[in-house]
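Numbering (my numbering), first residue to last: -13 to 106.
Working notes for the structure below.
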Amino acid sequence: MNCIFCHISPEKYLVENEYFFAIRDIHPITKGHSLIISRRHTCDFFSLQTEEITDLLEICKALRNLLEEELHPEAYNLLMNCGSAAHQSIFHFHLHFIPRYHKDGLSLRTINAKLRFISF
Ligand SMILES: [Zn+2]
């Protein structure tokens, strides 16, 4: 299958569990911007199985703990694009985990605009 998220080296994993792993985004829009990706090739949030949702919550918390230790963010935006009209460009589940800082100068509008023009 020609899907880049199906071919990510485990060496890049920041944290992982049974159904998901997290990596740094190759085009970070804030310091620490990461992606949580499903191990299973599945389209988006709505195609996840019930048992995967628990793991998704757990890996979100694990990634948050890692970022707290490393970068001390002040807040987060968690963002999923589900469908092409919502600017999803890779149809393999991924969640943008975006650390926020009071002085990062971004708004939700600028975050969405930046995400539209990068590959993920
Ligand atoms: Zn895939």
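We put the CB at the ideal spot given by N, CA and C, even for glycine.
Distance cut-off 7 Å: residue i Cβ against heavy atoms of ligand 1
i, result
"Phe(-9)", "yes"
"His80", "no"
"Met(-13)", "yes"
"His88", "no"
"His73", "no"
"His13", "no"
In DSSP terms, what residue i is bridged to
i, result
"Ser33", "Answer is none; Ser33 lacks a bridge partner."
"Asn63", "Ile84"
"Arg26", "For Arg26, which the question treats as bridged, DSSP gives no partner whatsoever."
"Leu21", "Ile9, His82"
"Glu2", "Phe7"
Under the three-state DSSP convention, the category residue i falls into
i, result
"Ile76", "coil"
"Phe103", "coil"
"Lys47", "helix"
"Asn108", "One cannot answer for residue 108 here, as it falls past the ends of the chain, which runs -13 to 106."
"Leu53", "helix"
"Leu92", "coil"
"His(-7)", "helix"
Sequence-distant residues of the same chain with beta carbon closer than 7 Å to residue i, five excluded per side
i, result
"Leu53", "Gly18, Pro59, Pro85"
"Phe31", "Met66, Cys68, Phe79"
Enclosing beta strand (DSSP E) for residue i [first to last residue]
i, result
"Ile12", "Looking at the DSSP string, Ile12 is not in any beta strand (DSSP E), and its letter there is neither H nor E."
Contact set for residue i: own chain, Cβ-Cβ below 6 Å, skip 5 residues either direction
i, result
"His80", "Leu21, Ile23"
"His88", "Glu60"
Other residues of its chain near residue i: CB distance less than 8 Å, five sequence neighbours each side excluded
i, result
"Ile9", "Ile(-6), Lys(-2), Tyr(-1), Leu0, Ser20, Leu21, Ile23"
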